[in-house]
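Protein chains in written order, with my numbering: chain A, 9 to 162; chain B, 9 to 162.
Structure first, then comments.
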């Protein structure tokens, strides 16, 4: 496991913790500029607070940084997210031309990337730019924070 | 073909025209409250102007109306869009709990719903709420506006 990946995933986990503190599903993400290695944007899930079903961490991150840069495509960046992206976010990550997506825990229920019988989005011709995918970075911690959140709701 | 569907799709086409006037890919959408039959929101593609790769007509519509209503889920609504939703928008429409999605032209290149070998999103277990889908309303007009736009760019 790449040490840098672990460092960035820890930053994404910090974002997930911020979501949990707001009683949102605890998923966090950071965007890293590949050349400098700098974290250029941080975001967490805020669907309830914003009354916006599209306000997942990844979408928030992309919208924020694309606006900062002044372009709808932001190549040269890697996106770290604690949970496997859903189909909506997986598509948005591709449209933004992000180079690589690195996620923590698999999402066996709603994941958009990993399951052969699932949307498995980056295997489809409809998705033209196919980011490189790495999974399993701090998977236990990234999965536990979500599992514990939903357990506390039951 | 239901006459009401045609009327609402004409309103979506008006939105697509607004996008074209702004030199954006001409796709438009309207959201209809099922009970009243009223158009409660209108939107068109604005990805370039907003520097936001997620600013597709459907996403804009959902964000706008969810905010107005003050909830991240907006059941009791139908969404009319001139072109088949992409995987990002198809997922967002499901998350918003929209009852029915009606589109004009098929998107053979990037559509998220219609092709068996494509993302075919509403056939997947990862998508829990599966809106009813109707296609082909004013398909020729809805397709031509996009085709002509890209032809003028070549």
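All C-beta atoms in this analysis are idealised placements derived from N, C-alpha and C, irrespective of residue type, glycine included.
All of these numbers come straight from a predicted model, not from anything done at the bench.
- Residue 132/A counts as buried, since no fewer than 16 other beta carbons sit within 10 angstroms of its beta carbon.
- Listed by position along chain B, the residues whose Cβ is nearer than 9 Å to that of residue 75/A are 58, 59, 60.
- Chain B places a beta carbon closer than 8 Å to that of residue 71/A, counting this residue as a contact.
- Under the DSSP definition of a beta bridge, residue 52/A partners with 36/A.
- Shown in chain order are the members of the region 126 to 139 of chain B whose Cβ falls below 9 Å from a Cβ of chain A: 126, 127, 128, 129, 132, 133, 134, 135, 136.
- Burial check for residue 156/B: the Cβ neighbour count within 10 Å stays below 16, so the residue is exposed.
- Every beta strand (DSSP E) stretch that sits fully inside the region 37 to 113 of chain B and reaches 3 residues is listed by chain position as 47 to 52, 85 to 91, 108 to 113.
- DSSP lists no bridge partner for residue 124/A.
- One Cα belongs to residue 119/A, the other to residue 50/B, and the distance between them is close to 30 Å.
- For the pair residue 38/A and residue 154/A, the CB atoms are not nearer than the 8 Å cut-off.
- In the DSSP annotation of this structure, the continuous segment of the alpha helix (DSSP H) that includes residue 160/A starts and ends at 147 to 161.
- Per DSSP, the continuous alpha helix (DSSP H) segment holding residue 13/A begins and ends at 11 to 29.
- Among the bridge pairs identified by DSSP, residue 143/A is matched with 111/A.
- Counting only Cβ-Cβ distances below 7 Å, residue 27/B has no contacts in chain A at all, with the closest Cβ about 14 Å away.
- Rounded to whole angstroms, the gap between the alpha carbons of residue 80/B and residue 96/A is 15 Å.
- In the structure shown, residue 131/A adopts helical secondary structure according to DSSP, grouped into three states.
- By the Cβ criterion, the region 58 to 71 of chain B is in contact with the region 98 to 110 of chain B, since at least three pairs of Cβ atoms, one from each stretch, lie closer than 8 Å.
- Below 8 Å, too few C-beta pairs join the region 17 to 29 of chain B and the region 132 to 146 of chain A to call them touching: fewer than three.
- Taken residue by residue, none of the region 14 to 40 of chain B has a beta-carbon sitting less than 8 Å from a beta-carbon on chain A.
- Contact check for residue 40/B against residue 88/B passes: the beta carbons are separated by less than 8 Å.
- Taking a Cβ-Cβ cut-off of 8 Å, residue 151/B has no neighbours in chain A, whose nearest Cβ is about 17 Å from it.
- Sequence-ordered contacts of the region 84 to 106 of chain A with chain B read 94, 95, 96, 99, 100, 103, 104 [C-beta pairs closer than 7 Å].
- Around the C-beta of residue 90/B, 16 or more other C-beta atoms lie within 10 Å, and the residue is accordingly described as buried.
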